[in-house]
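In the numbering used here, the protein residues as written are 97 to 419. So the structure is just underneath, and the comments pick up after that.
Below is the structure:
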């Protein structure tokens with residue numbers, strides 16, 4: 097198996113990992129950009145576009161970063177399949193508190209900034225040359241993205257966000273890179289605390305140039321458009337419905353549910369579940385997600401279970417620290 101064939105195998109695994117149903121328009125490069133972020137969102141089938149109220153908003157909808165009450169550091173680890181692991185790290189800081197917004201559900205920050213790292217790695221892939229079936233060594237492959245996000249609260253109801261990112265891919269001695277941007281918008285229909293909040297959100301992700309290991313063989317990035325609506329149906333219970341379309345997939349729908357409850361003073365628990373049609377090709381349970389978490393005054397731990405049918409189960413764990 098040659099380098100090119102090994103690269104094809106890796107790309108196939110990453111494509112399967114995102115569980116995208118490829119269409120006649122072909123595939124995209126840098127498929128790891130679809131893998132999501134924190135375990136809270138993962139347990140909700142990544143239906144988080146209109147929730148977007150913690151540090152992982154930098155991935156799902158940067159406009160939501162102004163909803164943070166204080167700086168947050170969020171780290172997540174995903175154990176996928178075939179030895180693939182995926183890590184994310186985000187540090188977000190809201191600032192510029194606005195006056196006269198005590199009744200608004202957020203803390204009233206006017207601006208927010210975040211930096212993020214997304215890293216997917218595969219180690220010890222067997223190297224083969226020519227038509228031989230015997231390995232002649234091993235090599236590693238990795239995909240990474242380094243991002244900076246900014247959010248601005250245009251009013252009590254409307255916030256806007258933008259993310260710029262540098263994307264890098266490597267497989268053995270081959271390298272590829274690209275630049276991309278995300279845009280986000282969040283609109284709070286009834287932002288007063290005494291009312292049941294309803295939020296509309298939208299994001300356009302991965303707008304950028306092509307990427308590939310060889311200059312003559314590049315692919316477009318997985319441009320994705322997502323719109324969502326989130327509502328608090330009762331105290332502590334939130335639902336988010338997302339509709340999305342990536343350039344190399346069929347349209348999909350994702351539904352996420354979250355129930356929160358206070359367990360004792362300063363300690364809260366959460367149960368979450370979701371379903372996304374983007375993984376329906378992988379088997380019966382594919383697309384179903386579940387998870388939960390514990391939250392404390394200055395930290396939260398969350399986990400998510402995300403089955404991928406015949407490919408196996410994926411698990412995501414995340415830790416959120418509030419400053």
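All residues carry an ideal CB built from backbone N, CA and C; glycine is no exception. Note that this is a predicted model, so its numbers are computed, not measured.
Residue i, buried or exposed, once every other Cβ within 10 Å from all chains shown has been counted against 16
| i | result |
| --- | --- |
| residue 39 | Outside the shown range of the chain, which is 97 to 419, sits residue 39, and nothing can be said about it. |
| residue 108 | Low confidence applies to residue 108: its pLDDT is 40, below 50, so where it sits in the model is not reliable, and the reading given next is rough at best. Label assigned to residue 108: exposed. |
| residue 124 | buried |
| residue 402 | buried |
| residue 359 | exposed |
| residue 120 | Its pLDDT being 37, under 50, residue 120 is placed unreliably in this model, and the coordinates cannot settle the point. |
| residue 122 | With a pLDDT of only 49 at residue 122, under the threshold of 50, the placement of this residue in the model should not be trusted, and no figure is reported. |
| residue 427 | Nothing about residue 427 can be reported from this structure: the residues present for the chain run from 97 to 419 only. |
| residue 249 | buried |
| residue 404 | buried |
| residue 313 | exposed |
| residue 135 | buried |
| residue 329 | exposed |
| residue 362 | exposed |
| residue 271 | exposed |
| residue 301 | buried |
| residue 381 | exposed |
| residue 292 | exposed |
| residue 218 | buried |
| residue 241 | buried |
N- and C-terminal bounds of the beta strand (DSSP E) containing residue i
| i | result |
| --- | --- |
| residue 272 | 270-284 |
| residue 386 | 384-391 |
| residue 297 | 294-304 |
| residue 373 | Note, residue 373: premise wrong, no beta strand (DSSP E); not H, not E. |
| residue 312 | Unbroken run through residue 312: none, as it is neither H nor E. |
| residue 266 | 254-267 |
For residue i, the three-state DSSP class (helix, strand or coil)
| i | result |
| --- | --- |
| residue 412 | strand |
| residue 397 | strand |
| residue 329 | strand |
| residue 319 | coil |
| residue 406 | helix |
| residue 128 | helix |
| residue 362 | coil |
| residue 243 | strand |
| residue 238 | strand |
| residue 148 | coil |
| residue 212 | strand |
| residue 381 | coil |
| residue 343 | coil |
| residue 197 | Because residue 197 carries a pLDDT of 47, less than 50, the predicted location of this residue cannot be relied on, and the following value inherits that uncertainty. DSSP places residue 197 in coil when its eight states are reduced to three. |
| residue 350 | strand |
| residue 334 | strand |
| residue 249 | strand |
Cα-Cα separation between residue i and residue j, rounded to whole angstroms
| i | j | result |
| --- | --- | --- |
| residue 371 | residue 189 | 31 Å |
| residue 238 | residue 286 | 43 Å |
| residue 418 | residue 275 | 30 Å |
| residue 376 | residue 193 | 44 Å |
| residue 350 | residue 410 | 18 Å |
| residue 393 | residue 210 | 21 Å |
| residue 408 | residue 374 | 16 Å |
| residue 167 | residue 280 | 20 Å |
| residue 365 | residue 357 | 5 Å |
| residue 205 | residue 186 | 19 Å |
| residue 163 | residue 341 | 26 Å |
| residue 145 | residue 128 | 18 Å |
| residue 158 | residue 416 | 17 Å |
| residue 268 | residue 317 | 21 Å |
| residue 319 | residue 174 | 22 Å |
| residue 337 | residue 143 | 6 Å |
| residue 197 | residue 298 | Bear in mind that a pLDDT of 47 at residue 197, under 50, signals an unreliable position, so the model cannot answer this. |
| residue 384 | residue 400 | 11 Å |
| residue 389 | residue 398 | 4 Å |
Extent of the continuous alpha helix (DSSP H) run through residue i
| i | result |
| --- | --- |
| residue 138 | 135-139 |
* Which parts of the region 153-191 are runs of the beta strand (DSSP E), unbroken and 3 residues or longer, counting only runs that do not cross its ends? -> You should have 168-175.
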